[in-house]
DNA sequence: GTCTATATTCCGATAGAC
DNA sequence: GTCTATCGGAATATAGAC
């Protein structure tokens, strides 16, 4: 018996794992369809091409992830007692929750690869579909850090993005100790990230 | 007429550019030798395989880069008036200087790709050959930040590495303005990086 | 929708002439 | 050391039977 889910869904799940492990070029459709337990031709039938499959791998996660981020942000944006840490939490926690559900944790690696790829097509796709999320978060940071000039704020957010991508994709040197549960480790990661990023954003 | 340098050197230079642009899998030996103006068979003759060529691309830059970092560190390590910013400067400035010389700036992208690849062979190579550099810098940070526990310090250095890799490989959203010279832009990058990282490392 | 079979292109690597 | 020619295989993609 094949794993659960439709053919499309099984292809997407297998693609996420293999793209994280081997990259977009490194993972072939043959490996991918074999892992999904579907026929080689199924990818082109359901998605049209490998490139379109890549887009759908992003869409599957990012639609929910960024909606969750914006929902969390809307609950605190503009409030008088909101802190920089709160805004960072709204951005980071949805990604953390994602990593609890099965292979979701690997998606952050896929995202990190997309950053490193510098592929214009992919970057335009991400910017066109999810750019408004970053803009809303930036606006809230600007409200909370009025002493920073626009260029200065952009610099700092850019550096936070780097630290965040690095940490969330788990390619740091810190390895989870075997006596720490996966959940506790993720929570610890979030706390370190938030405090570090808040310090970097807020320093005089 | 072919570009300057020996065949080996021209292959290495072309490989650096293409690996940065297209990745290790994405750049083929055919594109690479065509760009270098050498015969397809030259790569296997001079390097043995594509994988060994990748190693040499790293060696060509990292030997000098890390020697320069350690030299800068040795001039300040252990001194009573050394600051966290000084140590960060010792680490970052050599990478900055590298980017002044021709295609050297692209090497930081190659390095960022290596991080994203998660390839064990490559990671072991980097750790075995250049791990001592990170250890010496970590020791100096530990001296300057005695209030931090070892795990806490490792966390923060890891996050700094993420921000640094992100910024130095230039895939941030901040684009250089046309009225700012490349040199001035790099200097500005370094200043932002150092202050940001120092804040993230030192916060209570 | 799923399959087999195949078209076409490209890959890394090497043999052997010069 | 450099070249041509090619091997053996794997890549994406598609045509057409079921």
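Protein chains in written order, with our numbering: chain S, 1 to 204; chain X, 205 to 408.
All residues carry an ideal CB built from backbone N, CA and C; glycine is no exception.
Extent of the continuous alpha helix (DSSP H) to which residue i belongs
{"i": "residue 342(X)", "result": "324–348"}
{"i": "residue 383(X)", "result": "Residue 383(X) -> no alpha helix (DSSP H), and no H or E assigned at all."}
{"i": "residue 94(S)", "result": "84–98"}
{"i": "residue 407(X)", "result": "No alpha helix (DSSP H) holds residue 407(X); DSSP gives it neither H nor E."}
{"i": "residue 248(X)", "result": "246–251"}
{"i": "residue 355(X)", "result": "354–372"}
{"i": "residue 278(X)", "result": "254–278"}
{"i": "residue 28(S)", "result": "Counting along the chain, residue 28(S) falls outside any alpha helix (DSSP H), and DSSP gives it neither H nor E."}
{"i": "residue 104(S)", "result": "104–117"}
Residue-level contact to chain S via CB, residue i, 8 Å cutoff
{"i": "residue 370(X)", "result": "yes"}
{"i": "residue 394(X)", "result": "no"}
{"i": "residue 227(X)", "result": "yes"}
{"i": "residue 360(X)", "result": "yes"}
{"i": "residue 403(X)", "result": "yes"}
Beta carbon proximity, residue i to chain X, threshold 8 Å
{"i": "residue 35(S)", "result": "no"}
{"i": "residue 161(S)", "result": "yes"}
{"i": "residue 203(S)", "result": "yes"}
{"i": "residue 195(S)", "result": "yes"}
{"i": "residue 26(S)", "result": "yes"}
Legend entry - Contacting positions in the segment 305–322 of chain X - beta carbon closer than 8 Å to chain S: 313, 316, 317, 319, 320, 321 and 322
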